[in-house]
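For the sequence shown, the tail end lands on 413 under our numbering, and the numbers increase by one without skipping.
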Amino acid sequence: MNEQFIAAKEVLRLLEDAGYEAFLVGGCVRDNLLGKEPADYDITTNALPNEIMKVFPRTIPTGIKHGTISVIQNKTVIEVTTYRVEGNYEDHRRPKDVQFVSQLKYDLMRRDFTINAMAMNRKGNVIDYVNGRDDLRTGIIRTVGKAEHRFEEDALRMLRACRFASQLSFSIDESTMKAIQKCKSYANHLAVERIVTEFEKIWKSRQPSKGLRPLLSTNLILNMPPFHLQTTELNITEVEWNNLDFFSTTLERWVYFLYLIFRRSENHQPVCSKDLISILPKFKFSNHDKRKIASIITLIDEWDITITEEQGKLLLLKYQLNAVLMAEQIWEKITKRKSHLPLEKWWKQMPIHQLSELAINGNDLLRVTGKVAGPWLKKTLQYLYHQVVFGHLPNVTKVLEKEGGKYGAGLTS
1 MNEQFIAAKE VLRLLEDAGY EAFLVGGCVR DNLLGKEPAD YDITTNALPN EIMKVFPRTI
61 PTGIKHGTIS VIQNKTVIEV TTYRVEGNYE DHRRPKDVQF VSQLKYDLMR RDFTINAMAM
121 NRKGNVIDYV NGRDDLRTGI IRTVGKAEHR FEEDALRMLR ACRFASQLSF SIDESTMKAI
181 QKCKSYANHL AVERIVTEFE KIWKSRQPSK GLRPLLSTNL ILNMPPFHLQ TTELNITEVE
241 WNNLDFFSTT LERWVYFLYL IFRRSENHQP VCSKDLISIL PKFKFSNHDK RKIASIITLI
301 DEWDITITEE QGKLLLLKYQ LNAVLMAEQI WEKITKRKSH LPLEKWWKQM PIHQLSELAI
361 NGNDLLRVTG KVAGPWLKKT LQYLYHQVVF GHLPNVTKVL EKEGGKYGAG LTS
């Protein structure tokens, strides 16, 4: 049994023993009913925050203002939140205030979608005021209450609907879709970081296309800050959307998606790498991801199916096999052509694949040559690296010291 689940059940028991109501709530109940193991377990209770902290010896007032206390039970952190309703929202994202209530029903009725608005007691009995179980059975994403009100409160819910459609392979119900179409302008208020986080979850799902279609058909995507475009229409075909399901990594899906969204509308061709890379800062990616994405974009833009074996191996040295294979797959989907380059064969032929695998380093060269460190050192290491990769020298320290000494001695700086 999952350690988190054991800890959550113990938290439920201790709250009940102290005279309070307590239930598992939200995504963990949904996943449990779907036969999936929840990523985490959230608990809702009629105990007030200060009362929760009295029941448990180890707590953290994580979001005490909004009624949330992190309880440390069996070395596991479980979030416990007091039943609450929310006041008016600011900027279509955050409630100005919350009010604690004594009945579970009111807490469940404030939630986003019916499939996330169910509770479960310690015995496994489900409390469902909104027909969430029916929507789970039929595979429907539907808001709790009037969709327009839910999206006016929190614009991120529109993107979350699309994300759940991807993750669960569900469909968004008709009235909810109409509300997204009507309320899409609220997405202008969303923080880029929150949008990118939702997309990351979409990319990790088995069927991203399922959630991206409503993004396109409602034009919601054109109202989200990173995707503001000088157009009112995106001409993306069904085949192109389905291609997103073909890719297996988050990086591939990001790159292909960016090509679809930002390509030149007038001739339906991909943007050049320089233009596309210039857009990346808008998404506030980590520096690591930004470099990876930029490398793949550059590779795609410069892809040449007529390169020689030597050129191909130099490409593999510079970018490494995984990035080159990703670029090849994306290039094939964008151009609808086959590359047929024997990349993996070339890779296997190469004795080493990184400079760190060379049987000599900078200190060895300084010792052999007696020279002071300078630009010549990097040039010499690169020369030896290429000599080994292309089979001109064995990766043997003494051989490399001798060759490196001669080559380095001939360089002036």
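Ideal placement from N, C-alpha and C gives every residue a C-beta, glycine not left out.
Between Leu-343 and Leu-355 the beta-carbon gap is near 20 Å, outside 8 Å, which marks them as no contact. DSSP places Glu-21 outside any alpha helix (DSSP H), giving it a letter other than H or E. A distance below 7 Å separates the beta carbons of Ile-69 and Thr-59. The region 93-102 and the region 119-137 do not touch, with fewer than 3 CB-CB distances between them shorter than 8 Å. A residue is called buried when at least 16 other Cβ atoms come within 10 angstroms of its Cβ; Ser-169 does not meet this threshold and is exposed.
Annotation: Phe-170 is outside any beta strand (DSSP E) and is labelled neither H nor E by DSSP. Rounded to whole angstroms, Ala-119 and Leu-108 show a C-alpha spacing of 8 Å. By the Cβ rule, the region 46-56 does not count as touching the region 140-153, because fewer than three pairs are nearer than 8 Å. Contact between the region 208-221 and the region 160-180 is present: three or more C-beta pairs spanning the two stretches fall below 8 Å. Taken through DSSP and simplified to helix, strand or coil, Val-396 comes out as coil. Asp-42 is bridged by DSSP to Val-25 and Glu-79. Inclusion of Leu-260 and Lys-292 in the CB contact set at 7 Å is not warranted, their separation being larger than that value.
In the three-state DSSP reduction, Met-120 falls in the strand class (E or B). Collapsing the DSSP output to three states places Thr-250 in a helix. Judged by beta-carbon spacing, Asp-173 lies beyond the 7 Å limit of Gln-207, meaning their Cβ atoms are not closer than that value. Contact annotation, Val-389 with Lys-318: C-beta distance approximately 11 Å; criterion of less than 8 Å not satisfied. Gln-73 has Thr-76 as its beta-bridge partners, per DSSP. Within its own chain, the residues whose Cβ lies closer than 7 Å to the Cβ of Ser-295, once the five positions on either side in sequence are excluded, are Tyr-319 and Ala-323, listed in chain order.
The alpha-carbon of Pro-225 is positioned some 21 Å away from that of Ser-273. Remark: three or more beta-carbon pairs, one from each stretch, lie closer than 8 Å, so the region 377-391 and the region 400-408 are flagged as touching. Scanning its chain for C-beta atoms nearer than 6 Å, with the 5 sequence neighbours on each side dropped, one finds around Ala-327 the residues Ile-296, Leu-299 and Ile-300, in chain order.
By the Cβ-count criterion, Val-11 is buried, with 16 or more other Cβ atoms from all chains shown falling within 10 Å of its own Cβ.
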